[in-house]
Amino acid sequence: MSASNAYDVVVIGAGAGGMTAAAVAAAEGLSVLLIEKTEFVGGTTSWSGGMIWIPVNAGMKQAGLPDSLSDAASYLASTVPEAENADLRETFLWRGPEAVEYLEANTEVRLQPVKVYPDYYPEKPGATAGGRVLEPVSFDGARLGANFRRLRSPLPEFTVFGGMMVNRTDIPHLRKFGRSFRSTLRSLRLISQYALQRLRSPRGTTLHLGNALAACLYASLLARNVEVRFDTSVDGLLIEGDAIRGVRIVSPSGVRPIVARKGVVLATGGFSHDTKLREQLFPGGAGLVSATSPAGTGGGLHVAIAAGASMNTRVASPAYWVPASLFKRADGSQGVFPHTVTDRAKPGIIAVNASGKRFVNEALSYHEFVLAMLRDGNDTASRSFYLVCDRRFIWTYGLGRIRPFTLRLKRYVRSGELIEASSIAALADSIGVEKSALSTTLENYNAHARTGLDPEFGRGTSIYQRHLGDAGHGPNPCVAPIEQAPFYALRIYPADLGTAIGLKTDCHARVLRKDGTLMSGLYACGNDMGSIMNGNYPGPGITLGPALTFGYIAGRHLAQERGPA
Ligand SMILES: Cc1cc2nc3c(=O)[nH]c(=O)nc-3n(C[C@H](O)[C@H](O)[C@H](O)COP(=O)(O)OP(=O)(O)OC[C@H]3O[C@@H](n4cnc5c(N)ncnc54)[C@H](O)[C@@H]3O)c2cc1C
C-alpha cells in the first residue's frame, strides 16, 4: 500500500473535536490524515459563539476569579444529576485545564477567560459568575494565506456590512456610533480596517467567536503539515478481528481504503440533519429545524454502529436546544436564526403559545426555553409559539435577524416573517390566537412590568438572567411593559444546536460496544461522542469544552498506542 494510503491516525470531520484531535496527534509526532466531507473546515464550530466551558482553567486563576475542582464537581452534580457518564465528567474536570494548557503550548489555539458570564443555574451549589467560560482570542484570517477560503464563513446574520465579524466588546461601541465620541472613533477604526481587508479578501479577516476557534485550529494543522482531504466522506471502517484498522473513504475519485496504524477518530458533528435518527430519538414536538451546519448527518455514528458501537440513549434530552426563527435569504436559501442571547431576555418582549399565554420565563437559557416549548406543545410539532414586542423594542435591541436601529421593517413584514399590527387584538387575529387571551396576557404582564416585576415567571431574578438583560434599564434589566403600537410578533420554533446522544466512550475517548468492551482503534469526540452532560445544559460552552478536552485526550492517547505488531 502506498504511503498516502496509510497514516498513524485518520480523523473524520474538521470541526472543533476533529481538528483538536488531529492537531494534538500531529504535535505528538504522528502522521495524520483529516477527512472532511465538505469543501470547508469548521463545521458548526465556525458558526458557533465559540464559548468553551472549562472549569478551573488557568486563565481564571490569572484573572483572580475563584473556582475549585470541588465547586465545579458540586455544580455538575446538581445540574447533571444522572450517574450516567459520571466518570467522563470527572475526567473532563481534571483534564480540561490540562488540555487548554497543552493546546496553548503546542498549537495556534489561544483562549481567554470571559470574566463575566454566569453559569446557567447560578442558584445551584458551586456555580460561578464568570471565568469558567473561555473564548478564542481574535484571529487574523490572513495568517491562513490562500487557505483562508477553506474556512467555513460565519452565519451572515452574525456579520455586518456583508462580512465583518464583531465581538462582544465591539457591539456596544457600534451601537453608540454617532452618540459617543470614543465609540464613534473606535467604530470608524474597525470599519476602515474592514474596508482595507475587503480589498484583498471576500470577507473580513478579523475573526471572532467560533470562526476564530476553527481558524486557529486549522492554522495548527497547517503548521504541522497535516493533510486534509476535502469533499471526502467515510463510508465504512476497516475491521481486522476485533480491531479497527482504518476507514473506507469516498471522494470524487472513487472509494478507497486508508489504513490507520494507531487509530481512527470519529468527529463528524452528530446527527442533527439525519431525519430518520431525529424522528427516532427526538420528542415528537421537536420537528426538524436545526441551527447546525447541514453536513451533520450522522456519518460517524452510522459507520461506528454498523461495526458494533453503542450509543448513550439514556439522556435527559437527546439534543441541546435553542428557539429559532426562520426566514429566506436574498439568495433563496433557508435562514435559521438562533435566539441565544440577543433578544429574549431584554426588557419589553414576551413569548406566547398557541393559546396566547406566556409559558416560560423568557430570560432562562435557550435550552430551558425550548424544553418549556416542548412541554407546552405536548409533542405536537405544529403548535405555534411567538415572540411579541413593540416597535421601541425592535429599535433598541433588534429582533432575531432584524438589527437594532433598523429604520424600515416593511421588507420583513412583506415577506411574512414579521407580523405587524396596530393593536394587540389585531395582532392576535393575525397569529391566530384568541383576542381576549392575548390582551389579558399583555394586561397582566404590563401591570407588573411597569414596576419591573414579573410575579408570574420571576424574570430577571438571577444573575444569569440579568446578565442577558439590559444593564442600563431599571429597576429590572429584563422587564419592561409592551404598550406602544405598532406591535410585532415573530414565530419561533424549537431547534437544536447539536445532538447530545452519541457514541459511548471510555475516559480515553475510545468507543465502546453494547457489552461495554472496547472497540480497539476507534475514538470519538465532539458531538459524535455521547455528551458527558447527558442532555443537560449547565453553562455556556458545554459542547465545545468537552469537544476540545476529549479531542485532546484522544490525540494524546493515540500517541501512546503501540499500533498493530
Ligand atoms: C449558532 C450556534 C452557536 C453555538 N454556540 C456554541 C458555543 O458558544 N459554545 C458551545 O460549546 N457550543 C456552541 N454551539 C454548539 C457547537 O457549535 C457544536 O456542538 C460543536 O461545534 C460541534 O463540534 P463538532 O466538532 O462535533 O462538529 P462540527 O463543528 O460540526 O464539525 C464536524 C465536521 O465533520 C464534517 N463531516 C460531517 N460528516 C462527515 C463525514 N461523513 N465524513 C467526513 N466529514 C464529515 C462536517 O462537514 C464538519 O466539518 C453552537 C451551535 C450553534 C448552531
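So for the sequence shown, our numbering puts the first residue at 3; every next one is plus one. Yeah, the Cβ is synthetic: ideal placement off N, Cα and C, and Gly gets one too.
>> Going residue by residue through the region 108-193, where are the continuous alpha helix (DSSP H) segments of at least 4 residues, counting only ones entirely within it?
In response: 172-177
> How is I503 classed by DSSP in three states: helix, strand or coil?
Replying inline: coil
> In angstroms, rounded to a whole number, what distance separates the CA positions of A129 and H341?
Replying inline: 24 angstroms
> Secondary structure at V372, three-state DSSP: helix, strand or coil?
Replying inline: helix
> Can you find at least 3 beta carbon pairs, one from the region 11-20 and one from the region 520-535, that sit closer than 8 angstroms?
Replying inline: yes
> Tell me which same chain residues have a C-beta within less than 7 angstroms of the C-beta of G460, skipping the five on either side of it?
Replying inline: Cβ within range, chain order: N363.
>> Give me the residue from S335, R331, V343 and V390 with the minimum Cα distance to N355.
In response: V390
> Is it buried or exposed for F183, if we count other Cβ within 10 angstroms and need 16 for buried?
Replying inline: exposed
> Just curious, the beta strand (DSSP E) that S253 is in, first and last residue?
Replying inline: A245 to S253
>> As a quick exercise: from L105, P83, R231 and R331, pick the residue whose alpha carbon is nearest that of K126.
In response: P83
> Under a three-way DSSP split, which group does A497 fall into?
Replying inline: strand
>> So, under 8 angstroms CB-CB, V13 and A423 are touching, yes? Tell me the CB distance rounded to an integer number of Å.
In response: Not really, about 52 angstroms apart at Cβ, beyond 8 angstroms.
>> Please report the distance separating the alpha-carbon of V135 from that of R377.
In response: 29 angstroms
>> For ligand 1, I want to know if G271 counts as a neighbour, meaning its beta carbon is within less than 7 angstroms of at least one of the ligand's heavy atoms.
In response: At least one heavy atom of ligand 1 falls within 7 angstroms of the beta-carbon of G271.
>> Pop quiz: N446 and N87 are said to be a contact at Cβ under 8 angstroms. What is the actual Cβ separation, rounded to whole angstroms?
In response: Contact flag wrong, Cβ pair sits at about 42 angstroms.
>> Extract the residue ranges of the alpha helix (DSSP H) inside the region 421-457, only unbroken runs of 4 or more that lie entirely within it.
In response: 426-433 and 437-451
>> Could you compute how far the alpha carbon of G15 sits from the alpha carbon of K516?
In response: 24 angstroms
> Counting along the chain, where does the beta strand (DSSP E) carrying M521 start and finish?
Replying inline: Element bounds for M521: L520 to A526.
> From S357 to T442, what distance separates their C-alpha atoms?
Replying inline: 11 angstroms
> Should V267 and R250 be called a contact, given that it needs their Cβ atoms to be closer than 8 angstroms?
Replying inline: no
> Based on the DSSP secondary-structure assignment, which residues constitute the bridge partners of F387?
Replying inline: I494
> Buried or exposed: where does D345 fall if 16 or more other Cβ atoms within 10 Å of its Cβ makes it buried?
Replying inline: Classification of D345: buried, given that the 10 Å Cβ count is 16 or more.
> Helix, strand or coil for T277 per DSSP?
Replying inline: Here T277 carries a helix assignment [DSSP, helix/strand/coil].
> Secondary structure at M313, three-state DSSP: helix, strand or coil?
Replying inline: strand
> In terms of DSSP beta bridges, what is R258 paired with?
Replying inline: I251
>> Let me check understanding here. Comparing Cα to Cα, which of S425, L411 and E436 lies closest to A487?
In response: Of all alpha-carbon atoms in S425, L411 and E436, the one lying nearest the alpha-carbon of A487 is that of S425.
>> Within the continuous beta strand (DSSP E) that includes A353, where are the two ends?
In response: Residues I351 to V354.
> Using the rule of at least 16 other Cβ atoms within 10 Å of the residue's Cβ for burial, across every protein chain shown, is R360 buried or exposed?
Replying inline: It is buried - the Cβ of R360 has at least 16 other Cβ atoms within 10 Å.
> Would you report the Cα separation of L440 and A353, rounded to the nearest angstrom?
Replying inline: 11 angstroms
>> When you compare the CB positions of T234 and V252, do they come within less than 8 angstroms of one another, or not?
In response: T234 places its beta carbon less than 8 angstroms from that of V252.
> Quick one: does the C-beta of I534 sit closer than 7 angstroms to a heavy atom of ligand 1?
Replying inline: No, Cβ of I534 sits at least 7 angstroms from all heavy atoms of ligand 1.
>> Please give me, in chain order, every unbroken run of the alpha helix (DSSP H) with length at least 4 that falls completely inside the region 36-123.
In response: 60-64, 71-81 and 88-108
> In chain order, which continuous runs of the beta strand (DSSP E) of length 3 or greater are located wholly inside the region 390-424?
Replying inline: Taken in chain order, the whole beta strand (DSSP E) runs of length 3 or more contained in the region 390-424 are 420-423.
> Are there 16 or more other CB atoms within 10 angstroms of the CB of G66, so buried, or fewer, so exposed?
Replying inline: By the neighbour-count rule (16 or more Cβ atoms within 10 Å), G66 is not buried but exposed.
>> Which of the three DSSP states is assigned to Q577 in this structure?
In response: Any property of residue 577 remains undetermined from this structure, which presents the chain solely from 3 to 567.
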